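K.L.:
Per the numbering used here, the very first residue in the sequence shown carries number 97; after that it's consecutive.
Have a look at this one.
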Amino acid sequence: MKLTPTTKHCKICFKEIKIDDILRIFDKDICLCSKCQREFEPKFINFKVDAYQATALFEYTPYIKELIYKYKGCFDYELNDVFLNMYFKELKMRYSGYKIIPIPSYAQDDKTRGFNHVVEMFKNLGLETLQIIEKTAHFKQAEHKARKRSEISKYLVLKKEINLEKDKVLLVDDIYTTGSTMRAAINLVEKLNPKQIRVLVFAKTRTIPS
Ligand SMILES: [Zn+2]
Numbered sequence: 097m098k099l100t101p102t103t104k105h106c107k108i109c110f111k112e113i114k115i116d117d118i119l120r121i122f123d124k125d126i127c128l129c130s131k132c133q134r135e136f137e138p139k140f141i142n143f144k145v146d147a148y149q150a151t152a153l154f155e156y157t158p159y160i161k162e163l164i165y166k167y168k169g170c171f172d173y174e175l176n177d178v179f180l181n182m183y184f185k186e187l188k189m190r191y192s193g194y195k196i197i198p199i200p201s202y203a204q205d206d207k208t209r210g211f212n213h214v215v216e217m218f219k220n221l222g223l224e225t226l227q228i229i230e231k232t233a234h235f236k237q238a239e240h241k242a243r244k245r246s247e248i249s250k251y252l253v254l255k256k257e258i259n260l261e262k263d264k265v266l267l268v269d270d271i272y273t274t275g276s277t278m279r280a281a282i283n284l285v286e287k288l289n290p291k292q293i294r295v296l297v298f299a300k301t302r303t304i305p306s
């Protein structure tokens, strides 16, 4: 009898998954090729934003950049599963009881896109999401010099004043570069006196571009 293996395709790069590693033969839930699997191993990089503890799942490599670009451009539920499933348990444990506050995009951009990618990215954690910060203009970090970047604080506003005194909050974003957006968001959230503030981002650049 001849065994005909079912062909599976990588959920990220769509290439056929070759079972090139003996351990992978027994992994029924395999959904990534070995290259993507390696690249997609979360790094859990710890850093600080002002006094607050922050974690990045990945370094912002060209691979991760491409992945986020793909995700933003064409929202894909399968990709969404891949995004968080691999480190789900760890994240759920770490942030149990937290409420998520996503760093917003300009509302008009979400409307064009049909979804907010940051909200979708972290939705699977099953935590309550408070969309209380609003971005009032299209402001792209990359298009501005360092001095101007700090002006982001003018474009972030609290759209809802809620009482967070009993809550632990987790600010989430996709990419962390200079941190000016995150700091502006923290300044707003601090006014609501949460019990604790933590930061979780999908990817962080290694060096701060000037
Ligand atoms: Zn792949």
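The beta carbon of each residue, even a glycine, is placed where N, CA and C say it ideally should be.
Owing to the predicted nature of the structure, the values given are computational and were not obtained by experimental measurement.
Using only the alpha-carbon positions, how far apart do His-234 and Phe-184 sit?
P.N.:
Each residue's Cα considered, the two are about 32 angstroms apart.
K.L.:
Should Leu-288 be labelled buried (16 or more other beta-carbon atoms within 10 Å of its own) or exposed?
P.N.:
Classification for Leu-288: buried.
K.L.:
Could you tell me if the beta carbon of Ile-228 falls within a distance shorter than 6 angstroms of some heavy atom in ligand 1?
P.N.:
No, ligand 1 has no heavy atom inside 6 angstroms of this Cβ.
K.L.:
Could you give the first and the last residue of the continuous alpha helix (DSSP H) run that contains Leu-266?
P.N.:
Element bounds for Leu-266: not the alpha helix (DSSP H) but the beta strand (DSSP E), 264-272.
K.L.:
What residues match up with Val-253 in a beta bridge as DSSP calls it?
P.N.:
According to DSSP, Val-253 bridges with Glu-230.
K.L.:
Quick check on Leu-187: does DSSP put it in helix, strand or coil?
P.N.:
Helix at Leu-187.
K.L.:
Leaving out the 5 sequence neighbours to the left and right, which residues in its chain are closer than 6 angstroms to Leu-153 when beta-carbon positions are compared?
P.N.:
So the list reads Pro-138 and Phe-298, once near-sequence residues are dropped.
K.L.:
Cys-129 to Leu-254, Cα distance in whole Å?
P.N.:
If I take the Cα positions, the gap works out to 42 angstroms.
K.L.:
Could you please give the first and the last residue of the uninterrupted alpha helix (DSSP H) stretch that includes Thr-208?
P.N.:
203-209 is the extent of the alpha helix (DSSP H) around Thr-208.
K.L.:
Is the beta carbon of Tyr-251 closer than 7 angstroms to that of Thr-273?
P.N.:
The answer is no: Cβ separation not under 7 angstroms.
K.L.:
Could you tell me the alpha carbon to alpha carbon distance between Phe-110 and Lys-131, rounded to whole angstroms?
P.N.:
So the two alpha carbons sit approximately 12 angstroms from each other.
K.L.:
How about Cys-127: is its Cβ closer than 6 angstroms to a heavy atom in ligand 1?
P.N.:
Because no heavy atom of ligand 1 lies under 6 angstroms away, the Cβ of Cys-127 does not count as near it: no.
K.L.:
Hey, how far is the Cα of Lys-144 from the Cα of Ala-150?
P.N.:
Computed Cα separation, rounded: 5 angstroms.
K.L.:
Any heavy atom of ligand 1 inside 6 angstroms of the beta-carbon of Ile-108?
P.N.:
Checking every heavy atom of ligand 1 against the Cβ of Ile-108, one is found closer than 6 angstroms.
K.L.:
What three-state label does DSSP hand Thr-157 in the structure shown?
P.N.:
Correct three-state label for Thr-157: coil.
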